[in-house]
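Visitor: Residue numbering for the sequence shown is 3 to 141, as defined by my numbering.
For each residue, glycine too, the CB sits at the ideal point set by N, CA and C.
This is the structure I want to talk about, given as structure tokens.
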Amino acid sequence: MESFSLLIIALILGSALGLERSLAHKTAGVRTFGLVSMGSCLFILIARFVIPTVATFDYDPLRIAAGVVMGIGFLCGGVIIFKDSTLVGLTTAAGLWVAAGIGMAVGYGFLPLALFATLATLLVFTVFWFIEHKVITQG
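Here is the structure:
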């Protein structure tokens, strides 16, 4: 049951980031962020279950995490585009990358770290956006 709870927590935390992106009318939203976070958590949970069964092998559990980071980088690359000589989607891609990290933190059982990262990312998405667009561009 703990694994299912961790998957749900990862889904909720990732979806919280996606909700902000949806409200900001960005390319990736609630479903994308939720699935990235939950999927990352799932890969970590699978590694946690598989590693004890292959104790006779020299196996590095962080290889799964490295694979998730590389895979999410590929997904994020598809979010970033040039539109009218402007780079679009970079912050959303960075947010997806963080959502993967949040999912991995949940998968490893680091719930306080995952919650803090979620809140910090929401701070960047909202408060820092305000600072960037209201203070710097109009300053």
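1) Taking C-alpha atoms, which residue in GLU22, ARG65, GLY111 lies nearest to THR128?
2) Which residue or residues does DSSP assign as beta-bridge partners of LYS85?
3) Quick check on THR139: buried or exposed, where buried means 16 or more other Cβ atoms within 10 Å of its Cβ?
4) Would you call the CB atoms of SER24 and VAL32 closer than 8 angstroms?
5) Mind checking which residues open and close the alpha helix (DSSP H) that includes GLY20?
6) Residue range of the alpha helix (DSSP H) that VAL32 falls in?
Guide: Considering the structure as presented:
1) GLU22
2) THR88
3) exposed
4) yes
5) Counting along the chain, GLY20 sits inside the alpha helix (DSSP H) bounded by residues 4-25.
6) Going by DSSP, VAL32 is part of the alpha helix (DSSP H) stretching over 32-52.
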